[in-house]
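Some notes on the structure that comes next.
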Amino acid sequence: MKFYLSTRPARGLPGARIALLLLIVFLLMVSSVSAATLADRTTNIIADTADAPVVPVDNPPNPFGSWFITNEQGELVGGQQMADAGAQWAQIALSWSALEPVEGSYSWGQADARLGAVTASGLQAIVMISDNPFWAADTGCGPIREEKLPAFAAFLTALTSRYSNIRYWQLYNEPDNGNAVDYAWLGGCWGRTHPNHADGAGGAAYANMLSYAYPAIKAGNGNAQVLLGALAYDNWYNPTTNPNGPFDSLFLDELMLAGGGSYFDIGNFHYFPAWSWAWDTQDRYTNGIYGKANYLRNQLNRLSAQTNTAPKPIVCTEVGMPVNETLASSSGQRIHPNRVAVPGKAISTPDEVARYVIQAHARALYFGMPFILWFEAVDEPGLALNYGLMRADLTPREAYRSYMTLATELAGVTSVTARRDLPEYFEAYDFEVNGVTKTLQWTLDGAKHNKVCEVSEPGGMLRVIENFDQESFIIDGGVRDLDGVADGVVTISIGESPKYCEPATTTNTYLPYALQAAP
Numbered sequence: 478m479k480f481y482l483s484t485r486p487a488r489g490l491p492g493a494r495i496a497l498l499l500l501i502v503f504l505l506m507v508s509s510v511s512a513a514t515l516a517d518r519t520t521n522i523i524a525d526t527a528d529a530p531v532v533p534v535d536n537p538p539n540p541f542g543s544w545f546i547t548n549e550q551g552e553l554v555g556g557q558q559m560a561d562a563g564a565q566w567a568q569i570a571l572s573w574s575a576l577e578p579v580e581g582s583y584s585w586g587q588a589d590a591r592l593g594a595v596t597a598s599g600l601q602a603i604v605m606i607s608d609n610p611f612w613a614a615d616t617g618c619g620p621i622r623e624e625k626l627p628a629f630a631a632f633l634t635a636l637t638s639r640y641s642n643i644r645y646w647q648l649y650n651e652p653d654n655g656n657a658v659d660y661a662w663l664g665g666c667w668g669r670t671h672p673n674h675a676d677g678a679g680g681a682a683y684a685n686m687l688s689y690a691y692p693a694i695k696a697g698n699g700n701a702q703v704l705l706g707a708l709a710y711d712n713w714y715n716p717t718t719n720p721n722g723p724f725d726s727l728f729l730d731e732l733m734l735a736g737g738g739s740y741f742d743i744g745n746f747h748y749f750p751a752w753s754w755a756w757d758t759q760d761r762y763t764n765g766i767y768g769k770a771n772y773l774r775n776q777l778n779r780l781s782a783q784t785n786t787a788p789k790p791i792v793c794t795e796v797g798m799p800v801n802e803t804l805a806s807s808s809g810q811r812i813h814p815n816r817v818a819v820p821g822k823a824i825s826t827p828d829e830v831a832r833y834v835i836q837a838h839a840r841a842l843y844f845g846m847p848f849i850l851w852f853e854a855v856d857e858p859g860l861a862l863n864y865g866l867m868r869a870d871l872t873p874r875e876a877y878r879s880y881m882t883l884a885t886e887l888a889g890v891t892s893v894t895a896r897r898d899l900p901e902y903f904e905a906y907d908f909e910v911n912g913v914t915k916t917l918q919w920t921l922d923g924a925k926h927n928k929v930c931e932v933s934e935p936g937g938m939l940r941v942i943e944n945f946d947q948e949s950f951i952i953d954g955g956v957r958d959l960d961g962v963a964d965g966v967v968t969i970s971i972g973e974s975p976k977y978c979e980p981a982t983t984t985n986t987y988l989p990y991a992l993q994a995a996p
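Just so you know, we're using our numbering here: the sequence shown kicks off at 478 and counts up by one.
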């Protein structure tokens, strides 16, 4: 959902940088400006930066991560705070236009700063490339001129060779966007069904680009993995039923049938609960993000079988929910077309977002995603809605507390089981973590219901985390055990706010940031 220009290392730039941004946007709109003239304008930013290899980071075993913005110095905003919260992955964007403003001349300053910042935070980068230079394409977000695809390939080989510790690369953001006029800021506009599509757009054009990009990335780093540009995959344009939808429902089929399945390793999509109704299955364990991921997986499997290509794992590189903010006006601000919001109205309460952090990740883990990225770590200047786990001043919201507990409690999870044995008003999952079964549960009807949780032996102890990060211990048969009997299970009350529970002993030490109540 991001849009980047070569002169814009971070969003919401003040003063002269805004003026420079407006100038570049104007130049984008003036087709008569020659590539040579633009090259003259950008030559002064080319620098022969010395090679400064980034210290490698091992691929983390945990699936938790976030989308990050960077500041003017290339620093990862909120990176240390997210690492402290247990995040392992950081998705950032790099601009091809900034890195190769003149064909064949590379300027690595932006990439050195941003990727160095990710490593300094101890996170593993997932890098999204977008923003075509003027000399290579007619639009920053869509098809590259055929004769410039070899130059794109050469750039990708140089990039992935230089940063050989980075394994995961994504080409464009929401490339199924077909409205290259109003939604170029998304970072991808390869869709063709919308009247405002870019010249030469379509899934086949994206597949053709991948046929150059994929071997080029592998040539630079044989261990690299190429993510499909994250698909919005809903809010599809239809001239009758959804004329305001920018996305192309034919994009994935066209891409795969053109042979694109041979040129990416991992399927990728975005999910926001405003569109949950589109993925309802009437089964509490296959709704929402699971439902969308499962539908996409089935489509990819079908198309892979037709084209004799290997099935793909699926990841979600944006899932989020905006927090309750009163917006006096959305003038000059962009509300992502996947987000349904009415300016001036409440979006979601802090508690609702904090609960959804847990629920979305639990469902994605049950699906089996290698990583799930929350959108986003910190509120982003220029967006009308606030999605951050932290505010712009880095003060944490309830959602940050919730995320910290989630990423700490479920670090190293090896298996997930849906608790279909429970009544339908419960949604609950058993997570196996370091040989311990942790149950995460909440109710779906808004009411509170009693539920039993096993302990190691009659009279044993249950560890409970509630209210996002509040830890306590309950003795089987003690005053807080609602059945009052030392029978090997503790009865607790469960409501819509998720609770974790697991058998515990008095020697356990957990979550130093939590409040531990007396048994």
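For every residue, glycine included, the Cβ atom is placed at its ideal position computed from N, Cα and C. None of the values given here were measured: they were computed from a predicted structure.
Residue environment, residue i, which counts as buried when at least 16 other CB atoms sit within 10 Å
| i | result |
| --- | --- |
| K976 | buried |
| T882 | buried |
| Q558 | buried |
| R897 | exposed |
| W754 | exposed |
| C978 | buried |
| N778 | exposed |
| E651 | buried |
| E549 | exposed |
| G961 | exposed |
| G809 | Summary for G809: the model assigns pLDDT 41, below 50, so the residue's position carries little reliability; its value from the coordinates is reported in the next sentence. Its Cβ having fewer than 16 others within 10 Å, G809 is exposed. |
| D676 | exposed |
| K458 | The structure shown does not extend to residue 458, since the chain is modelled only from 478 to 996, so the question has no answer here. |
| Q836 | buried |
| Q918 | buried |
Residue range of the beta strand (DSSP E) that includes residue i
| i | result |
| --- | --- |
| W544 | 541-544 |
| E702 | Looking at the sequence itself, residue 702 is Gln, so the reference to Glu does not match. Start and end: 702-704. |
| A570 | 566-572 |
For residue i, the residue or residues it bridges with in DSSP
| i | result |
| --- | --- |
| G744 | I791 |
| E931 | V966 |
| P980 | L939 |
| H926 | I971 |
| S892 | E909 |
| F433 | Beyond the ends of the chain as shown, which are 478 and 996, falls residue 433; an answer cannot be given. |
| W470 | Since the displayed the chain opens at 478 and closes at 996, residue 470 lies outside it and no answer follows. |
| Y645 | I603, Q702 |
| L871 | According to DSSP, L871 bridges with nothing at all. |
| I621 | A614 |
| V796 | Y748, W851 |
| V579 | S582 |
For residue i, the nearest candidate out of the options (CA to CA)
| i | options | result |
| --- | --- | --- |
| D922 | C930, Y906, P900, V910 | P900 |
| M957 | D653, G619, V941 | What sits at residue 957 in the sequence shown is Arg, not Met. It is V941. |
| N715 | G738, N673, Y683, I743 | N673 |
| Q647 | Y691, F903, L592 | Y691 |
| V929 | P723, G954, T784 | G954 |
| Q783 | G797, D757, S739 | S739 |
| Y583 | F629, V595, G556 | F629 |
| N781 | L734, V703, E795, I791 | A quick correction: the sequence has Ser, not Asn, at residue 781. With distances taken between Cα atoms, S781 lies closest to L734. |
| G722 | V893, R840, A876, N654 | N654 |
| G680 | L592, Y689, W667 | W667 |
| D589 | K625, L636, Y660 | L636 |
| S879 | T718, D828, G737, A631 | D828 |
| P980 | G936, D946, E973 | G936 |
| L600 | S607, I606, L592 | L592 |
Alpha helix (DSSP H) segment containing residue i, residue limits
| i | result |
| --- | --- |
| E948 | Segment 947-952 is the beta strand (DSSP E) holding E948; no alpha helix (DSSP H) there. |
| Y833 | 827-844 |
| N849 | Going by the sequence as given, residue 849 is Ile instead of Asn. No alpha helix (DSSP H) holds I849; the beta strand (DSSP E) holding it covers 849-851. |
Query raised in the report: Hey, is the region 907-925 in contact with the region 561-581, meaning 3+ C-beta pairs nearer than 8 Å?
Result: no
**Report entry** Cβ contact check for the region 609-619 and the region 863-883: 3 or more pairs under 8 Å
**Finding:** no
Query raised in the report: For the region 726-736 against the region 766-783, are there 3 or more C-beta pairs whose distance is under 8 Å?
Result: yes
Query raised in the report: Quick one: any contact between the region 698-718 and the region 631-648, if contact means 3 or more CB pairs under 8 Å?
Result: yes
Query - the region 569-580 touching the region 885-895, judged by at least three CB pairs closer than 8 Å - result: no
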